[in-house]
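K.L.:
Mind looking over this structure? Questions follow.
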Amino acid sequence: MQVGIPRERASGERRVAATPDTIGDMVGWEWTVAVEAGAGAAAGFTDAAYREAGATVVEGDVTASADLVLRVGPPTVGEIQRLSGGTAIAGFLDPFVDADLVRALADGQITALAVEAVPRTTLAQAMDALSSQANLAGYAAVLMGAEHSPKALPMMVTAAGTIRPTKALILGVGVAGLQAIATAKRLGAIVHAYDIRPETAEQVESLGGKFVAAPTTEADEGGYAKEVGQDVQAQQFAALAPYVAEADLIVTTAQIPGRPAPRLINAEMVATMHAGSVIVDMAAGTGGNVEGSVPDETVTIDGVTIFGPTNLASQVATDASRMYARNLIALIERLHDAETGGLNVDLDDEIIGGTTVTHAGDVTHPRCRRLLGIEEPA
Ligand SMILES: NC(=O)c1ccc[n+]([C@@H]2O[C@H](COP(=O)([O-])OP(=O)(O)OC[C@H]3O[C@@H](n4cnc5c(N)ncnc54)[C@H](O)[C@@H]3O)[C@@H](O)[C@H]2O)c1
1 MQVGIPRERA
11 SGERRVAATP
21 DTIGDMVGWE
31 WTVAVEAGAG
41 AAAGFTDAAY
51 REAGATVVEG
61 DVTASADLVL
71 RVGPPTVGEI
81 QRLSGGTAIA
91 GFLDPFVDAD
101 LVRALADGQI
111 TALAVEAVPR
121 TTLAQAMDAL
131 SSQANLAGYA
141 AVLMGAEHSP
151 KALPMMVTAA
161 GTIRPTKALI
171 LGVGVAGLQA
181 IATAKRLGAI
191 VHAYDIRPET
201 AEQVESLGGK
211 FVAAPTTEAD
221 EGGYAKEVGQ
231 DVQAQQFAAL
241 APYVAEADLI
251 VTTAQIPGRP
261 APRLINAEMV
271 ATMHAGSVIV
281 DMAAGTGGNV
291 EGSVPDETVT
301 IDGVTIFGPT
311 NLASQVATDA
321 SRMYARNLIA
331 LIERLHDAET
341 GGLNVDLDDE
351 IIGGTTVTHA
361 GDVTHPRCRR
371 LLGIEEPA
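With our numbering as the guide, the letters of the sequence shown map in order to residues 1 to 378.
Laid out in structure tokens, this is it:
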């Protein structure tokens with residue numbers, strides 16, 4: 001098996017899909033690993049460290065001759081067309097949104113493993129890259145807000161007077177929101193939080209936050225929040241408005257898989273905030289929880305700064321890469337056939353079947369089939 005680790009080229013991407021540690025695992029399986037020169041530089045992994053771990057470091061393309069390509073972000077259609085038929089690729093492939101990419105992967109006879117599709121089950125926890133990256137993104141969101149806030153976060157009693165603690169509001173208490181609460185608490189803020197799933201109230205309290213009493217609804221069978229109607233949204237606005245008006249720092253993380261992000265803060269609510277307050281809208285890339293947020297831009301409205309970062313995990317690229325590379329190795333280990341030394345793509349396996357979006361010329365994942373308008377077999 002020949003594995004290729006390309007340098008990520010997307011703007012702002014600092015992560016890498018393999019670390020010297022995970023190269024060691026693959027070399028241990030007697031695989032040959034080629035890392036593109038500089039692939040780990042922005043994450044703090046040098047070419048020398050990759051060499052020491054047993055990889056070869058190559059100037060230029062490492063994917064054309066690879067049997068397996070490990071990446072962070074999706075390849076371009078041009079990059080897919082350079083792969084040989086039968087190559088496997090694993091990474092964030094945007095498979096439920098980018099129909100052209102899925103078509104190119106199927107046309108190229110690529111076995112595509114999309115980490116977005118890894119089942120959110122206990123068995124697949126070690127492979128859950130959405131969670132590992134959301135956790136670090138939630139942490140980075142609070143740091144971003146704190147850095148740009150003109151206030152100190154903790155209470156301080158000094159000879160020059162008492163500094164009151166920052167009031168932080170976290171909306172959406174999934175993986176990112178929980179870490180945002182924990183981080184804001186560690187920095188000394190008073191934290192309020194809200195999620196539409198009722199079970200999160202206890203999780204908020206266990207981290208020392210206070211749950212905001214706003215409407216809650218039961219999650220769907222996959223454990224995800226459902227989209228709400230305008231009546232529930234109006235109740236949410238009314239319940240959240242006083243907390244938004246008081247907040248110094250807001251981090252929003254609410255998402256509904258496959259749907260636009262729910263709007264939780266409208267322009268009227270932003271207008272009630274005091275100058276100097278900061279909002280970090282982690283859902284800006286999928287439509288935004290906050291009216292006025294723009295993906296990867298900073299917007300200032302009457303002294304209120306709204307950030308819309310879409311790749312916060314890259315801010316902590318060393319640890320994000322470490323976690324991500326371990327997620328990929330856990331996934332690849334499940335495919336690794338010790339007898340043949342290659343990959344066994346068993347689509348009947350719950351995790352492999354759930355994660356594979358194209359294989360041997362077919363679009364195998366039902367959500368991708370729906371995206372491409374392909375009929376399900378009778
Ligand atoms: N291995 C596992 O079992 C595992 C791993 C990770 C997550 N999960 C579960 O998967 C689910 C999704 O987690 P995630 O972090 O990926 O979530 P996510 O990123 O899809 O969404 C973030 C949060 O936004 C909330 N939200 C959606 N609409 C909302 C609205 N209108 N108002 C307020 N909040 C809203 C969701 O309830 C969720 O908590 C959770 O139930 C989580 O516990 C399970």
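Positions of the beta carbon are idealized from the N, C-alpha and C atoms, including for glycine.
1) Judging by CA-CA distance, which residue of R103, L105, R7 and P74 is the nearest neighbour of G60?
2) So, using beta-carbon positions, are L83 and G108 closer together than 7 Å?
3) Does the contact criterion of 3 or more C-beta pairs under 8 Å hold for the stretch 292-311 versus the stretch 260-273?
4) In the DSSP assignment, find the unbroken alpha helix (DSSP H) run with I351 in it and report its ends.
5) Please give me, in chain order, every unbroken run of the beta strand (DSSP E) with length at least 3 that falls completely inside the stretch 298-344.
6) How long is the line joining the alpha carbons of F45 and R9, rounded to whole angstroms?
7) Which value, in whole angstroms, describes the spacing of the CA atoms of I80 and P165?
8) Whole angstroms is fine: what's the gap from D100's alpha carbon to E116's?
9) Taking the alpha-carbon of A313 as reference, which of F96, L68, Y139 and V97 has the nearest alpha-carbon?
10) Taking one C-beta from the stretch 142-161 and one from the stretch 193-206 each time, how about it: are there three or more such pairs within less than 8 Å?
11) Spell out the partners DSSP gives L372 in its beta bridges.
12) Looking at T253 and ligand 1, is the gap between the Cβ and the nearest heavy atom below 6 Å?
13) Indicate, with yes or no, if ligand 1 has a heavy atom lying under 6 Å from the CB of A225.
14) Per DSSP, what kind of secondary structure is Q255 in: helix, strand or coil?
15) Return the chain-ordered ranges of every alpha helix (DSSP H) run that is complete within the stretch 94-121 and spans a minimum of 4 residues.
16) Using only CA atoms, which one of E227, A219 and P309 lies nearest to T252?
17) Per the contact definition of three or more C-beta pairs closer than 8 Å, is the stretch 131-147 in contact with the stretch 206-217?
18) Rounding to the nearest angstrom, what Cα-Cα distance links W31 and N327 in this structure?
19) Please go through the same chain and pick out, in chain order, the residues whose beta-carbon is closer than 7 Å to the beta-carbon of L371, but skip the five residues on each side of it.
P.N.:
Put simply:
1) R7
2) Yes. Within cutoff.
3) Yes, since at least three Cβ pairs between the stretch 292-311 and the stretch 260-273 fall closer than 8 Å, the two stretches touch.
4) E350 to T355
5) 298-301 and 304-307
6) 16 Å
7) 51 Å
8) 17 Å
9) Y139
10) no
11) In DSSP, L372 forms no bridge with anything.
12) yes
13) yes
14) coil
15) 99-107
16) P309
17) In short, these stretches do not touch, since the Cβ pair count stays below three.
18) So the alpha carbons of these two residues sit roughly 18 Å apart.
19) F96, A99 and V102
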